[in-house]
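Chains as they are written, first to last, in this note's numbering: chain A, 1 to 186; chain S, 1001 to 1114.
Ideal Cβ positions, reconstructed from N, Cα and C, are used throughout, including at glycine.
One structure below.
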């Protein structure tokens, strides 16, 4: 079983995370890709990204990034559903909740060799199946039994959360991107 | 009288006014997005300089050494840039490769197969 590393010192992780977020959010890359950054607290933020289907249709998604192990490891990463007030037709949603299987907020990007999204991946150390954004620029990749080569591994000092966002963006811009995983918005 | 600059220069975002040079200016701006860090590098390059020299400058400015998994591609079309290291920038453009000189740099990524 994969050992889960000890979390980073929260103060240091938050400071490094904030520095990198400031750098990336002000960058030409963020402007050109249309990333929008929403802080949740000192250790977490949500980045709104856009996927473009082969027919040109565009879909918005929200990616929650966390600094619990940053930046010795990549940010914790999950696609999330946005909060919303209750209506006559749908219950309210408090906070940003992990996007479940079949969700409108979970992208469908099949058959990329370097990237996958699993709605219920079962190989976490605690045995609980949960979402895995499967590439070597997410923390969860390292605690679910994957073995990247040296050249594929996250490296402190070389990578920032921009690496995570760019891999997600490249997947959402790829010809493999098929739109949301489903229509559910529970 | 104009003095021909021969060195590759790092320039700021506000100094970039399109890829085309002024008449008589034999320099081009190469823009490289580092998709691992989020940084963007802009280099003013004499068009007699080689693509390989630009690549060397890129690694130096990003403080990296080249690795086998690294990819450097033209942003529009995704053509590999490394293969043209021996060409001068003038010949690279004359051959129709990446006319806007905007490149993406990224290291390896492990996925489901790793």
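- request: Taking residue 149 (chain A) as the query, report the chain S residues whose CB atoms sit under 8 Å from its CB, ordered along the chain.
  value: 1069, 1108, 1110, 1114
- request: Go ahead and label residue 58 (chain A) buried or exposed: buried means 16 or more other beta carbons lie within 10 angstroms of its beta carbon, across all protein chains shown.
  value: Flag for residue 58 (chain A) reads exposed.
message: Determine whether the beta carbon atoms of residue 151 (chain A) and residue 1067 (chain S) lie at a separation below 8 Å.
response: Yes.
task: Under 8 Å between beta-carbons, which chain S residues line up against residue 137 (chain A)? List them in chain order, please.
output: 1109
Between the CA atoms of residue 1101 (chain S) and residue 1077 (chain S) - distance to the nearest angstrom: 12 Å
field: Selection from A:20, A:183, A:4 that minimises the alpha carbon distance to residue 188 (chain A)
entry: Residue numbering for chain A in the displayed model covers 1 to 186; residue 188 (chain A) lies beyond these limits and cannot be assessed.
query: Where does residue 1081 (chain S) fall in DSSP's three states?
result: DSSP places residue 1081 (chain S) in coil when its eight states are reduced to three.
- request: Return the Cβ separation of residue 1047 (chain S) and residue 1090 (chain S) in integer angstroms, given the expectation that the two are a contact with Cβ distance under 8 Å.
  value: Distance from residue 1047 (chain S) to residue 1090 (chain S) at the Cβ level is roughly 4 Å; contact confirmed, criterion being Cβ atoms closer than 8 Å.
- prompt: Any residues in the region 106–125 of chain A with a beta carbon nearer than 8 Å to a beta carbon of chain S? Which ones, in chain order?
  reply: 112, 113, 114, 115, 116
field: Interface flag, residue 1013 (chain S) vs chain A, CB-CB below 8 Å
entry: yes
field: Run of the beta strand (DSSP E) containing residue 1034 (chain S), from where it starts to where it stops
entry: Where residue 1034 (chain S) is concerned, the enclosing beta strand (DSSP E) stretches over 1027–1034.
message: Helix, strand or coil for residue 98 (chain A)? Go by DSSP, reduced to three states.
response: Shown here, residue 98 (chain A) sits in a strand according to DSSP, grouped into three states.
query: From which residue to which residue does the alpha helix (DSSP H) around residue 164 (chain A) run?
result: 161–173
Option nearest residue 126 (chain A) by Cα separation, candidates A:114, A:144, A:135: A:144
- request: Could you check the C-alpha separation between residue 1029 (chain S) and residue 166 (chain A) for me, to the nearest Å?
  value: 23 Å
- prompt: By how many angstroms is the C-alpha of residue 1043 (chain S) removed from the C-alpha of residue 1056 (chain S)?
  reply: 12 Å
message: Classify residue 9 (chain A): buried if its beta carbon has 16 or more other beta carbons within 10 angstroms, exposed otherwise.
response: exposed
- prompt: Beta-carbon of residue 1036 (chain S) versus every beta-carbon of chain A: anything under 8 Å?
  reply: Against chain A, the CB of residue 1036 (chain S) has a partner CB under 8 Å away; the residue lies at that interface.
Coil, strand or helix - residue 110 (chain A) by DSSP: coil
- prompt: Exposed or buried, residue 1008 (chain S), counting other C-beta atoms within 10 Å across all chains shown (16 or more means buried)?
  reply: Flag for residue 1008 (chain S) reads buried.
- prompt: Thinking just about the alpha-carbon of each residue, which of A:137, A:82, A:16 is nearest to the one in residue 154 (chain A)?
  reply: A:137
query: Checking contacts by CB at 8 Å: is residue 1057 (chain S) closer than that to chain A?
result: no
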